Amino acid sequence: MQFSSDVENMFTQEEIEDILKDEQNFYIEHAEKNWLNRYFKVKAMANETQVPSIVSSISDMPHGSSNFKKSKTEMYAIKAIQVSEWLEMLHSAIQSLSSIEQELIELKYLRKRNDGSRYSDEIIYPQLYIGRKKYYKMKREALDILGRKLYGVFSERGQS
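Residues in the sequence shown are numbered from 289 upward in steps of one, following our numbering.
If you want it as structure tokens, here you go:
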């Protein structure tokens, strides 16, 4: 308990709140930038069917372990698995949120209008039957939780 009181004496309440706000902003940005803003591109890659070239290549270079190259077929298969895993991690993290937070994320980030743009916040919060202020608070909290879960998954897998 001594450490806790030492920390409290080192920082003012305002400084602690600023640090926590910066941390929350980091996780929100991580969720939006590294996951939600990439969703449609990754989903398109998952639905894309590519047929690799089956043309053989001849090389005068020996195929040692240091010069190993994967075939195009193998590269497409690996890419398909990575995309599927990425989508599964995102959906799993979203499912861990409360039902209203899941719906908020779904409406705001995982659906598009007919013209290809995202729905605006002003369209979403009435659909959730909540007020504007509560919506923005809930959105920040949901993105913070999502960012923390996805950051943990991301760093455990050694990806950047």
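The C-beta atom is built at its ideal place from N, Cα and C for all residues, glycine as well. Just so you know, these numbers come straight off a predicted model, no measurement behind them.
- Within the region 358-441, complete alpha helix (DSSP H) segments of at least 4 residues are found at 360-383, 387-397 and 409-415, given in chain order.
- Inter-segment contact for the region 320-335 and the region 383-392 is absent: fewer than three beta-carbon pairs are separated by less than 8 Å.
- Shown here for ILE412: same chain residues with a beta carbon closer than 8 Å to its own, the five before and five after excluded, namely LEU392, LEU395, LYS396 and TYR423 in chain order.
- Measuring C-alpha to C-alpha distances from ARG428 to each of PRO414, GLY404 and GLN390 identifies GLN390 as the nearest.
- Ranked by Cα distance from ALA334, the first of GLN301, ILE433, LEU375 and ALA381 is LEU375.
- PHE299 carries a coil assignment under DSSP once its states are collapsed to helix, strand and coil.
- In the displayed model, GLU336 falls within coil according to three-state DSSP, outside both helix and strand.
- For the options ILE369, HIS379, ILE316 and GLU410, the alpha carbon positioned closest to that of ALA430 is the one of ILE316.
- For the pair ASP306 and LYS360, the Cα-to-Cα distance works out to about 49 Å.
- Taking the Cα of ALA365 as reference, the smallest distance to any Cα among MET377, GLN312 and GLU336 is reached at GLU336.
- Across the structure, TYR407 and LYS437 are spaced so that their CA atoms are roughly 25 Å apart.
- Comparing C-alpha distances from ILE433 to each of GLU373, GLU362, GLN312 and ALA332 shows the shortest one belongs to GLN312.
- Within the same chain, and ignoring the five residues on either side of GLY435 in sequence, the residues whose Cβ sits closer than 6 Å to its Cβ are TYR315, ILE316, HIS318 and ALA319.
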